[in-house]
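Colleague:
Protein chains in written order, with this note's numbering: chain C, 191 to 383; chain P, 226 to 720.
#1: I need the DSSP call for residue 643(P), collapsed to helix, strand or coil.
#2: Taking 8 Å as the cut-off, does the CB of residue 245(P) come closer than this to any heavy atom belonging to the ligand ZN?
#3: I need the DSSP call for residue 354(P), collapsed to helix, strand or coil.
#4: Give the DSSP-derived three-state secondary structure of residue 311(C) in the structure shown.
#5: Quick one: grab the DSSP three-state call for residue 473(P).
#6: Cα-Cα, which of 419(P), 326(P), 318(P), 383(P) is closest to residue 369(P)?
#7: When the Cα atoms are used, what is the spatial distance from residue 581(P) to residue 666(P)?
#8: Answer yes if the region 389-409 of chain P comes into contact with the region 462-474 of chain P, meaning at least three C-beta pairs across the two stretches below 8 Å, and no otherwise.
#9: With C-beta atoms as the reference, is residue 633(P) less than 9 Å away from residue 620(P)?
#10: Cα-Cα, which of 426(P), 441(P), 382(P) is closest to residue 403(P)?
#11: Work out the CA separation of residue 284(P) and residue 290(P) for me, nearest whole Å.
#12: Note the first and the last residue of the continuous alpha helix (DSSP H) segment covering residue 384(P).
#13: So is residue 269(P) in contact with chain C if we call contact Cβ pairs under 9 Å?
#14: Closest by CA to residue 421(P), which one among 299(P), 596(P), 593(P), 588(P)?
#15: Whole angstroms are fine: how far does the CA of residue 608(P) sit from the CA of residue 275(P)?
#16: Can you tell which of 470(P), 507(P), 500(P) has the C-alpha that lies nearest to the C-alpha of residue 447(P)?
#17: Which value, in whole angstroms, describes the spacing of the CA atoms of residue 377(C) and residue 387(P)?
#18: Residues of chain P with CB under 7 Å from residue 354(C), in chain order?
#19: Say whether chain C places a C-beta atom closer than 9 Å to the C-beta of residue 414(P).
#20: With a CB to CB cut of under 8 Å and the five nearest residues on each side skipped, what residues in its chain are close to residue 244(C)?
#21: Apply the 10 Å Cβ neighbour rule to residue 514(P) and answer buried if 16 or more other Cβ atoms are within range, or exposed otherwise.
#22: According to DSSP, what are the bridge partners of residue 588(P)?
#23: Measuring alpha carbon to alpha carbon, tell me which of 467(P), 555(P), 657(P), 530(P) ends up nearest residue 384(P).
#24: Within 9 Å (strictly less), CB to CB, does residue 351(C) reach chain P?
#25: Got a sec: is the Cβ-Cβ distance from residue 294(P) to anything in chain C below 9 Å?
#26: So is residue 341(C) buried or exposed if we call it buried at 16+ other beta carbons inside 10 Å?
#27: Give the secondary structure of residue 268(C) by DSSP, where H, G and I count as helix, E and B as strand, and everything else as coil.
#28: Just curious, the alpha helix (DSSP H) that residue 708(P) is in, first and last residue?
#29: For the alpha helix (DSSP H) that contains residue 200(C), what are its first and last residues?
#30: Between which residues of its own chain and residue 240(C) is the CB-CB distance below 6 Å, once the five residues before and five after are set aside?
#31: What is the residue span of the alpha helix (DSSP H) that residue 426(P) lies within?
#32: Closer than 9 Å, CB to CB, is residue 346(P) near chain C or not?
#33: Short of 8 Å Cβ to Cβ, which residues in the region 288-317 of chain P face chain C?
#34: Is it the case that the Cβ atoms of residue 325(P) and residue 456(P) are separated by a distance below 9 Å?
#35: Check whether the Cβ atoms of residue 231(P) and residue 341(P) sit closer than 9 Å, and answer yes or no.
#36: Go through the region 470-523 of chain P residue by residue and report every complete run of the alpha helix (DSSP H) that reaches 4 residues or more, in order.
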C-alpha cells in the first residue's frame, strides 16, 4: 500500500525511524533506572530528528539534536547524578499507582485527539504544494527559511523572547545566590526568636 | 490622530514605545542594582528610581491616550482599552514598589532586583494587554509569570515562600502547556495566530472544526489558571500566603487584571462569532468560581488566605464581564479592575503593617481591638473590606464596581439574569468574611500579647491613605472613572 508519490526508500525509512522512536519511547517509560531512561530518551530525540529531516525541516532536525539530545539531556543527566538518583529503589515512590493511571488516561486522551485531528479536513489552500520546501531550501538555504520570517514578520516575538530569557537569568541568579551576607547574627537570632 | 502601519519596524517600535521604554529603563536599573554592594539604602534608591520610571511610562501612556492614535492590522492594538489597562497596571506597580521598599527594609531583604523584576513583569503585562497575536499573548504571559515566580520566592529566609514559589512555578508551567497547546490547535484550525484574522476565518467557517473547539477549551483552561478561576485555583492560596505581602497584592491585582484584559481581547476579537460554543463553559466557570471562592473564604482564619480566596471570588465576578461581551463588558471590567486594585492594595498594605517583622501576626483574630489601638488603620481597613464587599457609600467605588458589573450583565445582548442573581447572592455571602474582619477590629478586646504598635513606614502609610481617600472620593464622584472606562473600549480592526 505504498503511496505512489513516495518512493519505497522514503517509506522504508519513515517506518524504520518511526519504529525506533516508538520502541525507544516505550523503553524510556518502562526503565527502572533513571540513567537508562534518560539515554533511551536521547534515542527518541535522534529518531525524531531523522523524521524531521524526512519532512525537509533540516534546520529543526539539527536544532533537535543540538538542543534536546545535547544540552537538555546533559542537564537531565547532571541532575540525576547530582541528586544521586542512580539507584532504582530511590525513585520507586515517584511512580505510584495513581500516577501511572493518570498518565495512561492522559495518553489515551492524546491518542483520541490525534484521531480527531487526522480526521479533520485541512483546507486545500493551507497544504504546502509538493516540492515547495525543496524550492525554498534551494533558494534560501536551510537556515534562511527559518531566519527570514523570524527577523521580519516575527521580529517582535523574537525580541520579547530575549526579554523573557533575561528575566529567567536574573531570576535564577537572584534566587540561587548565597543569601544573607548583609545580615548580622544578632539580627538573625532575634528574627528567629 | 495618527495611524501606525505595523509592518514598518519604526512604527511598530513607536506603537510599543511605553512598553519598550519600561523594558529599557528596567535594564538600566538592573545594571545599577548589580553595580555594588547590596544594602538597604541601595534597595530604597533603586525602588525610588523604579517608581519614577513607572510615573514616566504612565505619562507616555497618557500622551498616547491623548493623541488618540490608531493602528493598522498587526500584532499589537492601540485603543482606549489598552491605555486604561496600562494605567491600572502601572498604578498597581507603583503601589507595589512603594510597599516593597518598606517591607524589604523590615524583612532585611536587601536585593534590589525585586524592584527591577517587578518592572519587567509589568512590561510583560503591558505587552499582554496590547497583544493582538496569540504568540505575543503567550510571550506576554510568560514574561509576566516568570518574573512573578521569582518574586514570590524573593524572601529566601522563608520556607513558605520557597514552597509557594516552587508550587507556583510548577503549576504555572503546567498551565502554560495548556495555553500553548490551545494556541497551537487554534493555529491548526485557522492557519493564523493573528486575532483579527482568526476572527475573520472563524466567522467564515463557523466553529464546526473540532480542532478549534478543543483549542478554545484549552485556552480557557490556560487563562483560567492565570486568573485563578475555580477549578484551576489550587495554587493561589498557598502562593498568596507564602509570597512577600506586597507581591501578594501585586499578584491579586495586577497579574489578574492583565490576564483578564488579554482574555477579554482574545475572546472579543477572535471568537465573538462563535459565542454559542463558549457561552456555557464560561457561564459555569464564572458561577462555580463565585460560589466556591466565597464559600471557602468563609472558613479561613489567616488573613492572607482569606484575601486569596476573596480574589478567587472576584475572578468569578470579572468573568461575568467576559460573558457580557462588547463594550459594556470591557468598560465594566476596567472599572472593576480599578476599584479592585485600590481596595486590594489598601487591604494588603494594612496586612503588611500589622503582620509585624517576620510576618508573625497573620490570623484575623490578631486584629482584635485594633480600633482602640490604632483607629486610623482600623478605619482604613474597614473601608477596604467594605469596598471589596461592594457596600454602598462606606465601600466607596467598590459599590459602583459591582453595580456597573451587574448593569453590564443585564444590558448585554444576551442578558445574564441568573448569573446576576448568583453574583448578588455570593456577594451577600462574602459579607460573612469581610464584615467579620471589621467586627473583630471594632468589637473585640485587644488580644495581642505585645500591643506595642508596629512602626509604619512612610510609604506604606501613603499607600493606605491614598487608597482609602481615592476609594471614598470616587465613591462620591465616580463620574471621571465612569467616563474614562466608558470611552476605553476594545476597537477590533475591520476584517
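Using N, Cα and C, we set each Cβ at its ideal position, and we do this for glycine too.
Modeller: On the basis of the supplied data:
#1: Residue state, collapsed to three classes: helix.
#2: For the structure depicted, the ligand ZN is absent and the ligand set is empty, with no information on it obtainable.
#3: In the structure shown, residue 354(P) falls within a helical segment according to DSSP collapsed to helix, strand and coil.
#4: DSSP, read as helix, strand or coil, puts residue 311(C) in coil.
#5: In this structure, DSSP gives residue 473(P) a helical state, which the three-state scheme calls helix.
#6: If we check each option's Cα against that of residue 369(P), 318(P) comes out closest.
#7: When only Cα atoms are considered, residue 581(P) and residue 666(P) end up about 17 Å apart.
#8: Yes, they touch.
#9: Using a Cβ distance threshold of 9 Å, residue 633(P) and residue 620(P) do not count as a contacting pair.
#10: For the residues 426(P), 441(P), 382(P), the minimum Cα distance to residue 403(P) belongs to 441(P).
#11: About 10 Å.
#12: Run containing residue 384(P): 384-415, per the alpha helix (DSSP H) assignment.
#13: No Cβ of chain C is located within less than 9 Å of the beta carbon of residue 269(P).
#14: Relative to the Cα of residue 421(P), the nearest Cα in the group 299(P), 596(P), 593(P), 588(P) belongs to 299(P).
#15: A straight-line Cα-Cα distance of about 29 Å links residue 275(P) and residue 608(P).
#16: Residue nearest to residue 447(P) within the set 470(P), 507(P), 500(P) is 507(P) (criterion: CA-CA distance).
#17: Model confidence at residue 377(C) stands at a pLDDT of 45, short of 50, so the residue's coordinates are unreliable; what they give is reported in the following sentence. One C-alpha to the other measures close to 21 Å.
#18: Within chain P, the residues near residue 354(C) are 364, 367, 368, 371.
#19: Residue 414(P) counts as touching chain C.
#20: If we look at residue 244(C) and ignore the five residues flanking it on each side, its Cβ neighbours are 200, 203, 204, 207.
#21: With 16 or more Cβ atoms within 10 Å of its Cβ, residue 514(P) is classed as buried.
#22: Its beta-bridge partners are 527(P).
#23: Closest option to residue 384(P), Cα to Cα, is 467(P).
#24: Yes, residue 351(C) lies at the interface with chain P (some Cβ there is under 9 Å from its Cβ).
#25: Residue 294(P) is outside the set of residues whose beta carbon lies under 9 Å from a beta carbon in chain C.
#26: Residue 341(C) sits exposed, since fewer than 16 C-beta atoms from the chains shown fall within 10 Å of its C-beta.
#27: Taken through DSSP and simplified to helix, strand or coil, residue 268(C) comes out as helix.
#28: Residue 708(P) -> alpha helix (DSSP H) spans 704-712.
#29: That run of the alpha helix (DSSP H) goes 198-220.
#30: Excluding positions up to five away in sequence, the list reads 207.
#31: Start and end: 420-430.
#32: Residue-level contact by beta carbon holds for residue 346(P) and chain C, with a gap shorter than 9 Å.
#33: Correct list: 300, 301.
#34: At least 9 Å separates the beta-carbon of residue 325(P) from that of residue 456(P).
#35: Contact flag unset, no.
#36: Segments of the alpha helix (DSSP H) lying fully in the region 470-523 of chain P: 470-475, 481-494, 500-523.
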